[in-house]
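Read through the structure below, which is laid out as structure tokens, and then see the notes.
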Amino acid sequence: MMVGALHDPFQTIHMGVTAENVAREYGISRDAQDALALESHRRAARAIAEERFREQILPVTVRTKKGAVCFDIDEHVRHDASVNDFSELKPLFVKENGTVTAGNASGINDAAAAVLLMEHRVAERLGAQPLARLVSYAHAGVDPAYMGIGPVPATRKALERAGLHVSQLDVIEANEAFAAQACAVTKELGLDSHKVNPNGSGISLGHPIGATGRSSLSRRFMN
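Numbering (full-length UniProt numbering), first residue to last: 1 to 223.
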């Protein structure tokens with residue numbers, strides 16, 4: 001799974017290397033990446049303390065020889081994270097002058113998430129109360145060597161189709177696959193960083209590959 005999900009089959013490189021490429025291309029420093037990572041953990045820790053995720057998580061109880069263990073809180077969040085925790089880490093993918101580390105990259109986590117999508121008339125017939133309305137969506141392709149910048153052209157297309165501007169968005173969920181690409185996406189789209197991922201994202205909450213998109217949607221619907 002790790003080879004198939006985290007390696008680019010075209011360039012035969014790890015996704016972390018593409019994050020290094022994005023960092024160089026868009027001028028994202030190591031300090032900027034570490035700062036975003038720290039803020040992600042702080043926001044997620046605050047969200048957990050305020051129980052913002054409580055209604056989004058279905059508790060799972062596992063019975064062991066030592067007793068029952070209930071999983072109902074995201075475990076990847078570092079509640080006591082500090083600047084030094086990140087600055088002391090060595091580059092993980094490019095050893096010489098690299099900037100991407102285990103600290104400013106998303107965690108490899110296990111999770112499942114689901115979102116039910118239906119037409120408005122069907123929801124009315126069933127008496128279902130929608131949590132949100134899909135206004136627009138878009139796909140876009142980029143050079144695989146810079147895969148993390150893909151949200152930029154896709155977002156621009158989606159906003160154009162919806163007749164909206166980024167300044168009209170109140171809250172933005174944008175997956176933090178790596179701090180390098182998250183910083184680059186925010187920079188290129190001109191996003192207000194205070195509106196982006198107010199409850200944390202991939203770096204703090206983890207990146208469970210296929211479940212990430214739906215878990216991000218649920219965070220936005222429920223908050």
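Where a beta carbon is used, it is the ideal one built from N, C-alpha and C, also for glycine. From a predicted model like this one, the values you see are computed outputs, not experimental measurements.
Cβ neighbour criterion (16 or more within 10 Å) applied to residue i
i      : result
THR101 : buried
GLY16  : buried
MET54  : The sequence given here has Arg at residue 54, not Met. Exposed: under 16 other Cβ atoms inside 10 Å.
GLU176 : buried
PRO210 : Reading off the sequence, residue 210 comes out as Gly, not Pro. Exposed, because fewer than 16 other Cβ atoms sit within 10 Å of the Cβ of GLY210.
ILE172 : buried
THR64  : exposed
LEU205 : buried
ASP74  : buried
Coarse secondary structure for residue i, derived from DSSP in three states
i      : result
ARG52  : coil
VAL62  : strand
GLY31  : A small correction: the amino acid at residue 31 is Asp; Gly does not occupy that position in the sequence shown. Reduced to three states, the DSSP call for ASP31 is helix.
VAL69  : strand
ILE172 : strand
HIS7   : strand
MET1   : Legend: pLDDT at MET1 = 49, less than 50; position of this residue unreliable, value from coordinates given subsequently. Three-state result, MET1: coil.
HIS14  : strand
PHE221 : helix
PHE178 : strand
VAL196 : strand
VAL135 : coil
GLU160 : helix
HIS165 : coil
SER82  : coil
HIS41  : helix
Pick from the options that is closest to residue i, judged by C-alpha positions
i      : options                : result
MET105 : ARG214, ALA179, GLY141 : First, the amino acid is wrong: residue 105 is Ala here, not Met. When each option's Cα is compared against that of ALA105, the closest is ALA179.
ALA47  : TYR26, GLU20, HIS79    : HIS79
Tell me whether the region 91-99 and the region 128-142 touch, counting them as touching only if at least three CB pairs, one residue from each stretch, are closer than 8 Å. no
Three Cβ pairs or more, each shorter than 8 Å: is that satisfied between the region 134-149 and the region 5-15? Touching, yes, given that three or more Cβ pairs across the two stretches are closer than 8 Å.
Inter-stretch contact at 8 Å, needing at least 3 Cβ pairs: the region 36-49 / the region 73-88: The region 36-49, when compared against the region 73-88, does touch it at the 8 Å Cβ threshold.
Would you mind listing the alpha helix (DSSP H) stretches within the region 95-126 that are 4+ residues and don't spill past its ends, in chain order? 120-126
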